[in-house]
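Chemist:
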Amino acid sequence: GAVVSQHPSRVICKSGTSVKIECRSLDFQATTMFWYRQFPKQSLMLMATSNEGSKATYEQGVEKDKFLINHASLTLSTLTVTSAHPEDSSFYICSASSWTGSTYGYTFGSGTRLTVV
Amino acid sequence: GEDVEQSLFLSVREGDSSVINCTYTDSSSTYLYWYKQEPGAGLQLLTYIFSNMDMKQDQRLTVLLNKKDKHLSLRIADTQTGDSAIYFCADLTGTASKLTFGTGTRLQVTL
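As they're listed, the protein sequences go chains A and Z.
Position one of the first sequence corresponds to residue 20 (my numbering), numbered consecutively onward.
Position one of the second sequence corresponds to residue 0 (my numbering), numbered consecutively onward.
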């Protein structure tokens, strides 16, 4: 089945530095990729939607200059948290979608736990 | 915007059936999904149902959809300790092909 690889799975960084998270669809081409943020014991909050070769669409309240998304190919999207601060510590999950012929299939990465110290 | 609500917690005994409920507000939903999330992991698709269906069964899983009441449920038969996780329903609506997730239900399976 469809597999999405996300890494790193865990990262600890110092306040003020930037962190890049990669999301790859391994055996299919993803028409769209999504980035979510999940706080402890809460649901997933959609941050942005990205289509290959075009600018990402950010959800209301998400700072596009802070969370840089690049979707350079149909199999790779990256999220860069710039000038990270402790309040950016969270669990980030990517998802890749593709049309299965009857519905959109959404495959999720295994998530990245970001801790900013 | 769309609201998708779930009860926060459900505890069942091993071997019993679990029923996790979900309500949504958008009447233009096309597909509804159930995902499972284990601690520190991503989401695993369990099953999905098209909005013109009332029921879908897949091994131990049964999905019921009441479109009139905008109510979705997931029944897990013969619940096992390995089923302990958080379960999210998700709703696909509109032309943006975005999923809206419910608040998640933590299922605890006791011996």
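Quick reminder that beta carbons are idealized off the backbone N, C-alpha and C, glycines included.
Since we're looking at a predicted model, the values are computed, not measured.
Mind checking who Z/Met54 pairs with in its DSSP beta bridge?
Modeler: Per DSSP, Z/Leu63.
Chemist: What residues in its chain sit with their C-beta under 8 Å from that of A/Gly124, if we drop five residues either side in the sequence?
Modeler: Within the same chain, A/Gly124 has close Cβ partners Ala21, Ser116, Ser117, Trp118.
Chemist: Could you tell me which residues DSSP pairs with Z/Thr92 in its beta bridges?
Modeler: According to DSSP, Z/Thr92 bridges with Z/Lys97.
Chemist: Can you give me the start and stop residues for the beta strand (DSSP E) that A/Lys83 sits inside?
Modeler: Per DSSP, A/Lys83 belongs to no beta strand (DSSP E) and is neither H nor E.
Chemist: Judging by CA-CA distance, which residue of A/Gln25, A/His26, A/Ile31, A/Ser44 is the nearest neighbour of A/Ser108?
Modeler: Closest by alpha carbon: A/Ile31.
Chemist: Can you tell me the Cα-Cα spacing of Z/Ser27 and Z/Thr46, whole angstroms?
Modeler: Taking the straight line from one Cα to the other gives about 20 Å.
Chemist: The beta strand (DSSP E) with A/Leu65 in it runs from where to where?
Modeler: Segment 63-70, the beta strand (DSSP E) holding A/Leu65.
Chemist: Hey, A/Ile40 and A/Ala67 are a contact pair by Cβ (cut 8 Å); roughly how many whole angstroms apart?
Modeler: In fact, because the Cβ distance is near 12 Å, the residues do not count as touching under 8 Å.
Chemist: Classify Z/Thr29 as helix, strand or coil using the three-state DSSP reduction.
Modeler: Correct three-state label for Z/Thr29: coil.
Chemist: Please determine, among Z/Asp25, Z/Gly39, Z/Ser50, Z/Arg105, the residue with the shortest C-alpha to C-alpha distance to Z/Thr80.
Modeler: The shortest Cα separation from Z/Thr80 among Z/Asp25, Z/Gly39, Z/Ser50, Z/Arg105 belongs to Z/Arg105.
Chemist: Starting from the beta carbon of A/Ile112, find every residue of chain Z whose beta carbon is closer than 8 Å, and list them in chain order.
Modeler: Residues of chain Z passing the Cβ test: Gly41, Leu42.
Chemist: In the DSSP output, which residue or residues are listed as bridge partners for Z/Glu1?
Modeler: BP columns for Z/Glu1 are empty, so no partner.
Chemist: For a contact meaning CB atoms closer than 7 Å, what does Z/Leu98 contact in chain A?
Modeler: In chain order: Tyr125.
Chemist: Within the same chain, show all residues whose beta-carbon is closer than 8 Å to that of A/Thr101, passing over the 5 residues directly before and after it, in chain order.
Modeler: If we look at A/Thr101 and ignore the five residues flanking it on each side, its Cβ neighbours are Ser37, Asp84, Lys85, Phe86, Leu87.
Chemist: With a cut-off of 9 Å, does the C-beta of A/Thr122 fall near any C-beta of chain Z?
Modeler: At least one chain Z Cβ lies under 9 Å of A/Thr122.
Chemist: Answer yes or no: does any C-beta atom of chain Z fall closer than 9 Å to that of A/Arg43?
Modeler: No, because no Cβ of chain Z sits closer than 9 Å to the Cβ of A/Arg43.
Chemist: In the structure shown, what three-state DSSP assignment does A/Glu41 receive?
Modeler: In this structure, A/Glu41 counts as strand in the three-state DSSP scheme.
Chemist: Cβ of Z/Phe87 within 9 Å of Cβ of Z/Leu42?
Modeler: The answer is yes: Cβ separation under 9 Å.
Chemist: Would you mind reading off the limits of the beta strand (DSSP E) that contains Z/Leu18?
Modeler: Sequence inspection shows Val at residue 18 of chain Z; the Leu mentioned does not correspond to that position. Looking at the DSSP string, the run of the beta strand (DSSP E) that includes Z/Val18 is 17-23.
Chemist: Please report the residue range of the beta strand (DSSP E) in which A/Ala115 lies.
Modeler: Its beta strand (DSSP E) spans residues 109-118.
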